[in-house]
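One structure below.
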């Protein structure tokens with residue numbers, strides 16, 4: 008397992024675990040980040056990471072990406 012922040016671009020991963028406090032977990036879940044879900048890092052710029060999750064592009068901070076284990 009590794010944090011999503013260190014994932015390779017354009018590689019598909021499966022979300023294994025989501026860390027952080029309950030508020031953050033709920034926020035990420037509402038964006039489509041759920042354990043077992045497929046995710047792909049599309050781009051990384053300026054401390055933000057653009058990911059494709061459930062056929063939707065979402066930008067999250069690097070801090071959030073470090074809490075998502077793939």
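Residue numbers (this note's numbering): 8 to 77.
C-beta atoms are modelled at their ideal positions from N, C-alpha and C, and glycine is treated no differently.
Remember, predicted model here, so these are calculated numbers, not experimental data.
Do residue i and residue j have their C-beta atoms closer together than 8 Å?
i	j	result
residue 77	residue 25	no
residue 57	residue 66	yes
residue 60	residue 43	no
residue 55	residue 69	yes
For the beta strand (DSSP E) holding residue i, just list the boundary residues, first then last.
i	result
residue 35	From DSSP, residue 35 is part of no beta strand (DSSP E) but of the alpha helix (DSSP H) over 29–38.
residue 19	19–21
residue 4	In this structure the chain extends from 8 to 77, so residue 4 is not present and cannot be described.
Any idea if residue i is buried or exposed, counting beta-carbon neighbours within 10 angstroms, 16 or more meaning buried?
i	result
residue 16	exposed
residue 52	exposed
residue 35	buried
Taking the alpha helix (DSSP H) that residue i belongs to, which residues open and close that run?
i	result
residue 71	69–72
If residue i and residue j are in contact, beta carbons under 8 Å, what's the gap, nearest whole angstrom?
i	j	result
residue 30	residue 47	Actually they are not in contact, since the Cβ atoms of residue 30 and residue 47 sit about 25 Å apart, beyond 8 Å.
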